[in-house]
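Last residue of the sequence shown? That's 118 in our numbering, and every number before it is there in order. Below is one structure; the comments refer to it alone.
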Amino acid sequence: MEIYLPALLLLSGCAFIHSRANVPELRPSSDSADMFWRLLAKLTFFLWLGMLVWGVYMQPLKNVVVGFLLCLVFNLFLAFRGPKPFWPGLSMGLGVLGTGLSLYILLFHS
């Protein structure tokens, strides 16, 4: 549980920011960076879904529900803040950290 909730929040934040940054001004200028961000956002979304399913089987159900609700609150917070120019970098950072934490959980806490 110690890192399950932060992993969910990081994964959710990365995927949400990518889905909201659909104007060219909020995309990385490099095509390779934009492709990396797109692939990372897809990976984090599916990993987020996988972590929710994993949590149903391996965590108390209360933790999964709290994690899901915290993700919704975090995404609402990001939505109310509005798009920012630093979102691509923030999203990539959240995605890399969330993926690392999730892989650590899946490999060493299963």
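Even glycine gets a Cβ: it sits at the ideal position worked out from N, Cα and C. Keep in mind the model is a prediction, meaning the values are calculated, not measured.
### contact_flag[the segment 19–26, the segment 102–111] where n(CB pairs < 8 Å) is 3 or more
yes
Item checked: Bounding residues of the alpha helix (DSSP H) (the contiguous stretch that carries H26) -> Y12 to R28
Is there contact between the segment 31–38 and the segment 87–100, where contact requires at least three CB pairs shorter than 8 Å?
Verdict: yes, contact present.
Check your understanding: Within the chosen definition, does the segment 75–88 reach the segment 43–54 through at least 3 CB pairs nearer than 8 Å?
Key -> Touching, no.
With DSSP collapsed to three states, give me the class of M110. Going by the sequence as given, residue 110 is Ser instead of Met. In this structure, DSSP gives S110 a helical state, which the three-state scheme calls helix.
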